[in-house]
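A.B. asks:
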Amino acid sequence: LNTTYLVSLFAFLVFTAVSAVSSSMVGGFQDADPNDERVKNALNFAVVQHNRASNDMYLSQVAQVVKVQTQVVSGIKYVITANMARSVCRKSEARELCEIPEHAQVMTPYQCTFTVWSRPWLNQVQLLKETCPPTNNV
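Quick note on numbering: the sequence shown equals residues -20 to -1, 1 to 118 in mature numbering (1 follows the signal peptide of the UniProt record, and there is no 0).
1) Can residue 45 and residue 14 be called in contact, C-beta distance under 7 Å?
2) Straight-line CA distance for residue 151 to residue 54?
3) Once DSSP output is grouped into helix, strand and coil, what is the label at residue 77?
4) Does residue 121 come out as helix, strand or coil in the three-state DSSP assignment?
5) Going by the CB atoms, is the gap between residue 50 and residue 93 shorter than 7 Å?
6) Residue 94 lies in the beta strand (DSSP E); which residues open and close that run?
7) Between the C-alpha atoms of residue 9 and residue 27, what's the straight-line distance to the nearest angstrom?
Written out as structure tokens, the structure reads:
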């Protein structure tokens, strides 16, 4: 009876430890706060790169952040899904803030997922991947 109790207790402790570790796996993706300053910086970097690669004469802006996940990998990898929209600013105009028009005829909404890798100790940020629907990626 005493041996059975000890084996059961040991099994319970092992199960509890494994459950705790797997729920917050080291190196795995974790949900992140879109309002975190580091997330905002990663997203801003991705949007600048997105606009540079775009053939559209207007800048695209983030209309809404849908989801943010981070992963610790010799730095931080950010996977950010955002609803994007065409702004009223032309690329040739350098402005800090560009409004997104409210009327749907001008606004061309689309969703992008950006994967950004940040290594702050090297002062390095890199856009690893950008996935936007091809028909809407202007």
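Cβ atoms here follow ideal geometry from the backbone N, Cα and C, with glycine treated the same way.
C.D. replies: Straight from the coordinates:
1) yes
2) Here the chain comprises residues numbered -20 to 118, so residue 151 is not present and cannot be evaluated.
3) coil
4) It is not possible to answer for residue 121, since the shown part of the chain is limited to -20 through 118.
5) no
6) 90 to 99
7) 22 Å
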